[in-house]
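Residue numbers (the working numbering), protein chains in the order written: chain L, 11 to 318; chain Y, 5 to 423. By construction, the Cβ of each residue, glycine as well, lies at the ideal position given by its N, Cα and C atoms. Note that the structure is predicted; figures quoted are calculated from it, not measured. Everything on this sheet refers to the single structure shown next.
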Amino acid sequence: MTVAADIPEQESWFHRNQQRIAPWLFLAPGLLFFMVYVIIPVFQSFNLSLYEWDGLGAAEYVGFRNYEDLYWEWVDRDAFFISLKNNLIWLILYLLAIPAGLFIALFLNQTVWGIRLYKSLFFFPFVISQVVVGLVFTWFYDPTFGLLNEFLGFLGLGPLNVLGDERFVTYGIIFAGLWPQTAYCMILYLTGLNAVDPEQIEAGRLDGAKGWRMLWHIILPQLRPATFIAFVVTIIGALRSFDLISIMTQGGPFGSSRVLAYYMFEVALSEYGFRMGYGAAIAVILFLIMLCFIAYFLWSMYREEKGH
Amino acid sequence: MYSTFKRTTAALALGVAMAAPAAAELTGELRIFLDTSNPAPRATMEAMIERFAEQHPGLEIETTVIDREAYKTQIRNFLTADTPDVATWYAANRMKPYVEAGLFEDVSDLWAEPEIAENLASTKGAMTIDGKQWGVPYTYYQWGVYYRKDIFDELGLSEPTTWEEELSNCQKIVDSGRACYTIGTKFLWTAGGWFDYLNMRTNGFDFHNQLANGEISWEDDRVKQTFANWKQLIDMGAFIDNHQTYSWQEALPFMVNGEAAAYLMGNFAVAPLRDAGLTDDQLDFYQFVSINPDVELAEDAPTDTFHIPANASNKEAAREFLRFVVSADEQTEINNGANLGQLPVNAQSSVDDDKFLQQGFQMLSSNSPGGVAQFWDRDAPAEMAKVSMEGFQEFMVKPDNADRILAKLERARQRIYDN
């Protein structure tokens with residue numbers, strides 16, 4: 011009995027606080043890298059956006075001039091306006107990957123001979139590189155030799171230069187992007203469908219639910235976690251839509267398919283770029299847009315945790 | 005993308021018998037960075053460096069070849085840290101950011117030597133910023149109209165020299181169901197070539213330069229005239245459709261297949277056209293026609309260059325290397341048809357027998373009194389080049405937007421040049 015009272019005096023500080031310190035120790039490497047590669051660069055970017063710098067000489071402090079220029083580009087319906095508008099189109103249309111993925115998942119969620127092969131084939135576009143996807147669709151859209159115009163000609167419709175027309179180009183690229191993204195959502199839903207409780211379906215059947223009502227009231231509520239993840243990855247995918255644009259159009263024709271991420275790259279790092287401050291200002295705007303979504307995701311995850 | 009070959013002095017001991025009597029023995033290490041990553045230029049450069057090494061057995065030369073596109077961004081890093089002694093780049097405004105940042109060595113002393121001063125006078129202007137020279141050229145090539153002679157013969161056309169002849173030729177080509185010109189503007193710069201020529205022919209070399217330097221408004225009537233001339237060609241269907249979707253290489257088949265009769269391009273287009281099966285009987289060249297008879301003809305002739313970074317460690321050897329590169333014999337050798345297939349910069353060198361090189365050389369040395377421009381994206385500051393070439397592309401697709409495009413370029417000019 012008396013021994014127990016003695017021990018705390020002999021114990022080192024580390025021993026006494028082990029329980030509280032251990033999680034921080036395990037978190038430390040992750041936190042360190044997150045600080046160095048994510049949090050600190052966020053502030054650095056903001057700082058850099060107040061300067062005019064070509065990456066070589068001395069940086070010149072210009073206050074909010076870069077943001078002012080962006081504002082005027084917005085007013086003039088110039089590059090920044092077009093990029094932001096395209097970002098919005100991407101965000102909205104890219105979400106089509108979720109219902110499309112769900113549809114294919116429901117379709118494939120059956121047991122017939124060779125279903126694994128079909129599942130793999132549907133998943134295939136997600137496995138191949140975005141660069142390849144971009145190239146394949148570029149050839150598909152090619153106005154002179156492409157398959158698309160062969161089809162259209164078959165239907166008696168005029169030739170269409172999807173990637174050369176500023177009205178269609180963004181939609182054409184989004185369509186190419188939906189191909190792998192749908193596959194991604196499909197795989198998320200397929201795993202989700204495995205976890206659907208058969209007893210609830212049975213109960214629903216007994217109550218006379220089938221078709222749409224079964225899907226809407228019984229299946230979909232159980233797929234909520236999968237839908238949430240699909241939503242998150244699709245939003246992030248839409249905001250990152252850089253590789254396809256770079257491969258398929260380089261932001262053209264005359265800059266009409268740019269999104270903010272591509273515009274930022276073009277301004278800061280491409281052959282004719284090196285306006286680091288301006289690029290950083292675009293990055294800050296892009297970050298603020300993403301922040302809305304990040305805040306929403308965090309909030310809904312927090313709510314979820316609290317609910318349990 | 006990198007390849008490095010290191011050459012030790014011992015291996016050369018046998019080859020020095022022919023070495024020129026070097027004034028002072030060069031020692032130490034010489035590091036050379038090249039952007040000549042295509043197979044033929046790369047072999048040419050490596051062979052040239054080998055010859056240099058034979059003359060200077062005391063030097064340990066290390067060559068690094070970097071992919072041409074990657075080089076354009078990497079140069080910013082290696083000029084400031086881990087700097088080579090010699091690096092390739094481009095002339096005129098393209099070198100300005102590095103000159104202003106103090107990253108290129110002033111080599112005016114080389115240009116003061118009679119050997120270089122007398123024989124390289126024609127390219128001195130392109131290497132000069134603030135009255136000093138910042139490097140030496142090693143090759144250049146002409147731009148002009150490469151055309152299908154067999155199609156011209158079939159339609160009974162001859163090489164035009166005036167704008168009227170050009171338009172009437174083009175009308176006949178269009179009437180025969182072809183486009184006059186193939187072009188691929190996906191990467192924008194090809195449209196810059198058209199603007200160079202139309203503006204230099206309409207308003208002259210000096211005006212063109214002032215425009216590139218931001219001294220003239222884009223909404224000036226003279227600029228509008230250039231675009232009006234351009235619009236004449238566009239409206240008559242002179243250019244292939246959908247050019248905004250193609251790179252310059254992807255535009256080649258239209259000419260090879262006879263769907264387009266000509267191509268305004270640099271001399272580098274000849275090799276792929278020949279590879280595609282066009283013979284020298286089918287392919288010919290003419291100088292871009294004169295438009296305004298009051299202005300002197302001026303040409304585009306982009307020049308590739310060698311520089312010594314300011315942070316180089318063996319500048320003495322680097323200077324010797326530059327002298328070697330521009331010497332008459334080396335110039336003849338590296339620019340001949342078996343190597344770069346371009347024009348030598350040294351007046352004492354001889355030009356290859358290739359008919360296009362001969363014509364180009366003739367044109368540049370005797371029929372370009374107005375001056376020689378580098379190219380739009382090398383003469384204008386990078387930012388202006390980007391915005392304007394995007395405008396040119398839009399104009400070529402939607403010529404009716406000219407006023408809106410020029411207003412946009414004018415706004416860009418006011419922003420870009422005032423700081």
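In whole angstroms, what separates the C-alpha of residue i from that of residue j?
i                   : j                    : result
glutamine 253(Y)    : isoleucine 220(Y)    : 34 Å
isoleucine 245(L)   : isoleucine 114(L)    : 20 Å
alanine 38(L)       : phenylalanine 53(L)  : 21 Å
proline 25(Y)       : arginine 323(Y)      : Its pLDDT being 44, under 50, proline 25(Y) is placed unreliably in this model, and the coordinates cannot settle the point.
glycine 144(L)      : alanine 186(L)       : 7 Å
glutamate 29(Y)     : isoleucine 338(Y)    : 25 Å
leucine 301(L)      : isoleucine 49(L)     : 13 Å
threonine 13(Y)     : glutamate 50(Y)      : Its pLDDT being 40, under 50, threonine 13(Y) is placed unreliably in this model, and the value from its coordinates should be taken loosely. Roughly 16 Å between the two C-alpha positions.
serine 2(Y)         : glutamate 170(Y)     : In the structure displayed, chain Y extends from 5 to 423; residue 2(Y) sits before or after that span and is not available.
lysine 190(Y)       : alanine 193(L)       : 30 Å
valine 90(Y)        : serine 392(Y)        : 32 Å
leucine 118(L)      : leucine 35(L)        : 45 Å
lysine 100(Y)       : isoleucine 133(Y)    : 7 Å
glycine 283(L)      : threonine 87(Y)      : 22 Å
leucine 157(L)      : glycine 261(L)       : 23 Å
alanine 107(L)      : arginine 234(L)      : 16 Å
phenylalanine 24(L) : alanine 32(L)        : 10 Å
glycine 4(Y)        : threonine 92(Y)      : With chain Y running from 5 to 423 in the structure shown, residue 4(Y) is simply not present.
alanine 406(Y)      : glutamate 394(Y)     : 12 Å
threonine 283(Y)    : proline 403(Y)       : 35 Å
tyrosine 320(L)     : serine 59(L)         : Chain L is shown only over 11 to 318; residue 320(L) falls outside these bounds and no answer can be derived.
methionine 196(L)   : tryptophan 189(L)    : 11 Å
lysine 136(Y)       : glutamate 70(L)      : 26 Å
glutamine 286(Y)    : tryptophan 63(L)     : 51 Å
threonine 154(L)    : phenylalanine 396(Y) : 23 Å
isoleucine 138(L)   : arginine 30(L)       : 45 Å
aspartate 288(Y)    : leucine 192(Y)       : 25 Å
isoleucine 229(L)   : phenylalanine 238(L) : 15 Å
alanine 316(Y)      : alanine 416(Y)       : 37 Å
glutamate 398(Y)    : leucine 268(Y)       : 18 Å
Any idea which residues DSSP pairs residue i with across the strands?
i                    : result
serine 294(Y)        : Thr166(Y)
isoleucine 36(Y)     : Thr67(Y), Val90(Y)
aspartate 304(Y)     : Ala377(Y)
alanine 183(Y)       : Ala264(Y)
glycine 270(Y)       : Trp147(Y)
phenylalanine 284(L) : In the DSSP output, where bridge partners are listed per residue, phenylalanine 284(L) has none listed.
phenylalanine 289(Y) : Tyr150(Y)
proline 135(L)       : Answer is none; proline 135(L) lacks a bridge partner.
threonine 309(Y)     : Trp93(Y), Pro141(Y)
phenylalanine 243(Y) : Tyr185(Y)
Just checking my contact of residue i with residue j at CB under 8 Å: how many whole Å lie between their CB atoms?
i                    : j                   : result
serine 251(Y)        : glycine 188(Y)      : 5 Å
glutamate 263(Y)     : methionine 367(Y)   : Not quite, the Cβ-Cβ distance comes to about 27 Å (not below 8 Å), so this is no contact.
threonine 307(Y)     : tyrosine 144(Y)     : 4 Å
valine 260(Y)        : alanine 275(Y)      : Wrong, their Cβ atoms sit about 13 Å apart, outside the cutoff.
phenylalanine 328(Y) : phenylalanine 56(Y) : 5 Å
alanine 293(L)       : serine 93(L)        : So it is not a contact: roughly 12 Å between Cβ atoms.
leucine 83(Y)        : proline 385(Y)      : At roughly 19 Å, the Cβ-Cβ gap does not stay under 8 Å, so leucine 83(Y) and proline 385(Y) are not in contact.
asparagine 76(L)     : alanine 291(L)      : 4 Å
isoleucine 420(Y)    : glycine 218(Y)      : 7 Å
alanine 240(L)       : glycine 111(L)      : 6 Å
valine 1(L)          : tyrosine 61(L)      : The requested residue 1(L) is not part of the displayed model; chain L covers only 11 to 318.
Ranges of the beta strand (DSSP E) found wholly within the segment 366-423 of chain Y, counting only runs of at least 3: 375-377
Taking 8 Å as the threshold, find out whether the segment 249-258 of chain L comes into contact with the segment 116-133 of chain L through three or more Cβ pairs. No, because fewer than three Cβ pairs between the segment 249-258 of chain L and the segment 116-133 of chain L fall closer than 8 Å, the two stretches do not touch.
Would the segment 115-126 of chain Y and the segment 313-333 of chain Y be scored as touching if the rule is three or more Cβ pairs under 8 Å? yes
Report yes or no: do three or more beta-carbon pairs, one from the segment 69-84 of chain Y and one from the segment 33-46 of chain Y, lie closer than 8 Å? Segments in contact, yes.
Counting only runs of 4+ residues fully inside the segment 118-158 of chain Y, write out the alpha helix (DSSP H) ranges in chain order. The qualifying runs are 118-123, 153-158.
Any 3 or more C-beta pairs closer than 8 Å across the segment 196-212 of chain Y and the segment 233-245 of chain Y: Touching, yes, given that three or more Cβ pairs across the two stretches are closer than 8 Å.
Any chance the segment 209-224 of chain L sits against the segment 129-149 of chain L, with 3 or more Cβ pairs inside 8 Å? no
Would the segment 355-372 of chain Y and the segment 171-180 of chain Y be scored as touching if the rule is three or more Cβ pairs under 8 Å? no
Is the segment 137-156 of chain Y in contact with the segment 335-355 of chain Y, if contact means three or more CB pairs nearer than 8 Å? Cβ pair count under 8 Å is three or more, so yes.
Meets three-Cβ-pair contact criterion under 8 Å: the segment 150-159 of chain Y and the segment 369-386 of chain Y: no
Starting from the N-terminal side, write out each stretch of the alpha helix (DSSP H) that is 4 residues or longer and does not extend beyond the segment 46-89 of chain L. Whole alpha helix (DSSP H) segments, 4+ residues: 50-58, 75-85.
Under 8 Å: do the segment 262-269 of chain L and the segment 169-178 of chain L share three or more Cβ pairs, one atom per stretch? yes
Segments assigned alpha helix (DSSP H), at least 4 residues, entirely inside the segment 322-347 of chain Y: 332-338
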